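Novice: Please see the structure below; I have some questions.
Residue numbers (my numbering), protein chains in the order written: chain H, 1 to 489; chain L, 1001 to 1489.
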């Protein structure tokens, strides 16, 4: 290898569907992580970290049709691995591997990978972050479920997102509806997938799909249509309870019982006003077994940038992996549900076959788009530097005080203060003020050619307009305490 | 997919060379990240996040012999990608893609991937974290270099690691030595690789490798041997300056000039006492062009656990990828150097061919082993829960106050306090105290069957021995303020 060989000629870019994060965007995203993490910890959450890739067989058979979107690692000898598709399956694998953990509230904030059709302006990427909180363990019915929904509300509220609704449904009620309407048992999951599209396409299209593509009888589809248009609160629960046909179904009755208990807890936790019990919510993933939910907001779909979204669907696929999925989803900023059987799929013995779980996952990229759109970016600082250390002087004898500036910075750093200086031996005052201004440092510490010899520096507040603060002389020995006090004020 | 099908029969594990992080280990590791991040920010660092995989051609030709350790993604149509091997090459790619960034102090804490022979007890994994700080831009010589070394000292000191030395050398001095000793120009990098092993094997072995494997003449090897045994501080610099043969070499003279300037700055930053100028330090990576350094500590190699390390070398490879690399390294906890030409390798035009960089990278897993060994793990809490909310009561009328406990928790959560309660409708006092004890919650808030009806709860300090605190009655309206004050005290 020789660095001096000719420059390389390939396109300089990140892989399709991935991007670099930098500058002020990173500040905003870190704030989102910090906010969500602090809510998670408030509820007793502990965090875990799993490898970014798993043995391929761990992921196999967990994602239904979406399995084709899994990224595989190349076979380079040894084990076959794939990049994780979500954080839920690795969590279930972790629980199955650690049978001594019988109860856990775990959170995990990390990247997941899907070979999906990227739609960057809508916040859909191939590499993206998920923030998951899950409660695993045998508990009395619906208590952890209620707390998970409370965490959902708290996180979004803490992120200053107020105009959201939690669409809530129960897989057992939905399965009961399909059964009483006459859907054959083996078709339930694919009919459920069709219903899942109702937030994006009208009923007529879903009905057509059920009949034309999934072979459902029209009168069965019509019966389903009557149910899935229902939404409401506790009132809807009462209407369903009055439906004797449905309530005669074992699955539906069990779901309704769960929902009754849940609504009591949601009232106690003040979550109920945010909830819409919505029989059209189905959720794509196969592993849910109890309540399911999605948080949606009017702000979920930010306006398209540069017209990209408008062209998306008309564009011809450019390469082989571009037409993997043609539907561009918008909508939910958080979602989840109860999955009582996923851990059992990994269990090595009958003994530890049951580990009920319920969880919620936040889509960071979508939250980011919403929050950034509301932010005054000119006021966001990329660095947190408190102090810019400068030197003023002139004449033949002037050294530029470079080692002296380093010594003053060292003092500030040792006191935990954030300080920078210009990497120049004899900088001009203007250059130093410009550099301080560029990063928005609130304070300057100035080493004057004469004053510094007398053990003094000048501390000056910046960003208040030219010469708004003439500065204060401070003894070098008292500098860090003085600066710390000023920053606290 | 049907979750109810038979349990799967493969081995439940994480891929070779990877592991899950959980519980108290996560707390300690998070603390390391927080400490390092706060030092990085103190120096004006901004963070970036790059994708976990890069286009394969970005990584090609950057790692010399180690390129065989790169993980490739499977070709599933579309672009060919590989997992990142370090954070430096992605940073250089980022800079080349963003030519408007002419100066940046960036840090990046993230996982990297190497298909290496794992040696877990020594903290060597296939998936591991690096914490990098790099300064890019055209500056006056050696100023950013000195600050990078100061950051190294500050980070390790902040992590309470005191017994470390920074081994320091300069590629130009080393290249000059090889040249004056008579190493043919095309053999410099491979002879340098041999020298790089001197911290692990004696000179006799390195000399043998140079002669037998790399075809060097014995008298050339002997001359090199005289140089690479030298170490010291500024004194060594003076000895080298007195070596007229070496100083007549252009490369060596340039390196010595750099080192003279650097030592002035290291004195100002109080880094000098930690530095050992060591002519045997070579560093494996090809892309270094200036100073190079490694932080080593006596604690770098923690004692082997379960005798695993002793068996490592005797074990026969079990699968195809087990014998990729046979040397098990110990030693450095941080390392880095100056690389002025890496960004230029990506430049698309002549114009922006130069972006000098200098950086340091901390090995988190090794720091973790050292810090964990010193920690009293029984005092580390896995959760940060402040308050356990309980209910005491009995008799026929006793409801268990579940919704009431939820309401109290909700109050505490809304005030930013960390609270949990038992997921049981009628828990016994003992069960609740045990649960609080298990997570080490410092406070209990108790809803008494009668008192709660009067708008009062009891706040009790925990973990002080049985009945050490009888508890204090507090009005529900004043609860959050009371608890917040108690936690502050």
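Yeah, the Cβ is synthetic: ideal placement off N, Cα and C, and Gly gets one too. Computed from a prediction, not measured in an experiment: that's the story for all the values here.
Using the beta-carbon count (16 or more within 10 Å), is residue 167 (chain H) buried or exposed?
Specialist: buried
Novice: How about residue 416 (chain H): is its C-beta nearer than 9 Å to some C-beta of chain L?
Specialist: It does: the Cβ of residue 416 (chain H) has a partner Cβ on chain L nearer than 9 Å.
Novice: Rounded to whole angstroms, what is the Cα-Cα separation between residue 129 (chain H) and residue 1077 (chain L)?
Specialist: 24 Å
Novice: Strictly below 7 Å CB to CB, what residues from chain H border residue 1490 (chain L)?
Specialist: Outside the displayed range of chain L (1001 to 1489) lies residue 1490 (chain L), so it cannot be described from this structure.
Novice: List the endpoints of the continuous beta strand (DSSP E) containing residue 1237 (chain L).
Specialist: Unbroken run through residue 1237 (chain L) is the alpha helix (DSSP H), 1234-1241; no beta strand (DSSP E).
Novice: Below 8 Å on the Cβ atoms is my guess for residue 24 (chain H) versus residue 382 (chain H); work out the distance and round it to an integer in Å.
Specialist: 5 Å
Novice: Taking residue 224 (chain H) as the reference, which of H:372, H:70, H:248 and H:188 has the closest Cα?
Specialist: H:188
Novice: Go ahead and label residue 399 (chain H) buried or exposed: buried means 16 or more other beta carbons lie within 10 angstroms of its beta carbon, across all protein chains shown.
Specialist: Burial call: exposed.
Novice: Mind listing the chain L neighbours of residue 127 (chain H)? Cutoff is C-beta to C-beta under 7 Å, in chain order.
Specialist: 1051 and 1052
Novice: At a CB-CB cut-off below 7 Å, which residues of chain L make contact with residue 22 (chain H)?
Specialist: 1048
Novice: For residue 1356 (chain L), go through chain H and note every residue whose CB falls closer than 8 Å to its CB, in chain order.
Specialist: Going along chain H, no residue has its Cβ under 8 Å from residue 1356 (chain L), so there is no contact; the nearest lies around 11 Å.
Novice: If we define contact as Cβ-Cβ less than 9 Å, is residue 1098 (chain L) a contact residue for chain H?
Specialist: Yes, because at least one Cβ of chain H sits closer than 9 Å to the Cβ of residue 1098 (chain L).
Novice: Between the alpha carbons of residue 1269 (chain L) and residue 1218 (chain L), how many angstroms are there, rounded?
Specialist: 42 Å
Novice: For residue 1461 (chain L), report the span of its beta strand (DSSP E) as first-last.
Specialist: Segment 1456-1461, the beta strand (DSSP E) holding residue 1461 (chain L).
Novice: DSSP state of residue 29 (chain H), grouped into three classes?
Specialist: helix
Novice: Could you tell me which chain H residues have their CB closer than 7 Å to the CB of residue 1155 (chain L), listed as they occur along the chain?
Specialist: Ordered by position in chain H, no residue passes the 7 Å Cβ test against residue 1155 (chain L), which lies about 11 Å from the chain.
Novice: By the criterion of Cβ-Cβ separation under 8 Å, what are the contact partners of residue 382 (chain H) in chain L?
Specialist: 1046
Novice: Would you say residue 42 (chain H) lies against chain L (beta-carbon separation less than 9 Å)?
Specialist: yes
Novice: So the candidates are L:1117, L:1178 and L:1262; which of them puts its Cα closest to the Cα of residue 1249 (chain L)?
Specialist: L:1178
Novice: Check whether the Cβ atoms of residue 361 (chain H) and residue 87 (chain H) sit closer than 9 Å, and answer yes or no.
Specialist: yes
Novice: Check whether the segment 128-142 of chain H touches the segment 1422-1429 of chain L, counting contact only when three or more Cβ pairs, one atom from each stretch, lie closer than 8 Å.
Specialist: yes
Novice: Taking CB distances under 9 Å as the criterion, tell me whether residue 1030 (chain L) reaches chain H.
Specialist: Cβ-Cβ to chain H under 9 Å: yes for residue 1030 (chain L).
Novice: Could you work out which residue in H:30, H:67 and H:11 is closest to residue 1096 (chain L) when comparing CA atoms only?
Specialist: H:11
Novice: State the Cα-Cα distance for the pair residue 273 (chain H) and residue 150 (chain H), rounded to the nearest angstrom.
Specialist: Straight-line Cα distance between these residues: approximately 11 Å.
Novice: Which residues in the same chain as residue 429 (chain H) place their Cβ atom closer than 8 Å to its Cβ, once the five residues preceding and following it in sequence are excluded?
Specialist: Hits under 8 Å: 390 and 392.
Novice: Nearest by alpha-carbon distance to residue 479 (chain H): which of H:413, H:345, H:176 and H:198 is it?
Specialist: H:413
Novice: Which class does residue 231 (chain H) belong to by DSSP, given the choice of helix, strand or coil?
Specialist: strand
Novice: Can you check DSSP and say which residues form a bridge with residue 343 (chain H)?
Specialist: None; residue 343 (chain H) has no bridge partner.
Novice: Using CA coordinates, which residue listed in H:240, H:476 and H:463 is at the minimum distance from residue 453 (chain H)?
Specialist: H:476
Novice: Using the Cα positions of residue 489 (chain H) and residue 442 (chain H), report the straight-line distance between them to the nearest angstrom.
Specialist: 12 Å
Novice: For chain H, find out if any of its Cβ atoms is closer than 9 Å to the Cβ of residue 1482 (chain L); answer yes or no.
Specialist: no
Novice: Where residue 1106 (chain L) and residue 111 (chain H) are concerned, what is the direct C-alpha to C-alpha distance, given to the nearest angstrom?
Specialist: 21 Å
Novice: I want to verify the contact list: residues of chain H whose CB lies under 7 Å from the CB of residue 1081 (chain L), in sequence order.
Specialist: Neighbourhood of residue 1081 (chain L) in chain H, by CB distance below 7 Å: 15, in chain order.
Novice: Between which two residues does the beta strand (DSSP E) carrying residue 414 (chain H) extend?
Specialist: Element bounds for residue 414 (chain H): not the beta strand (DSSP E) but the alpha helix (DSSP H), 402-414.
Novice: To the nearest angstrom, how far is the alpha carbon of residue 241 (chain H) from that of residue 276 (chain H)?
Specialist: Straight-line Cα distance between these residues: approximately 17 Å.
Novice: Quick one: does residue 399 (chain H) have its CB under 9 Å from some CB of chain L?
Specialist: no
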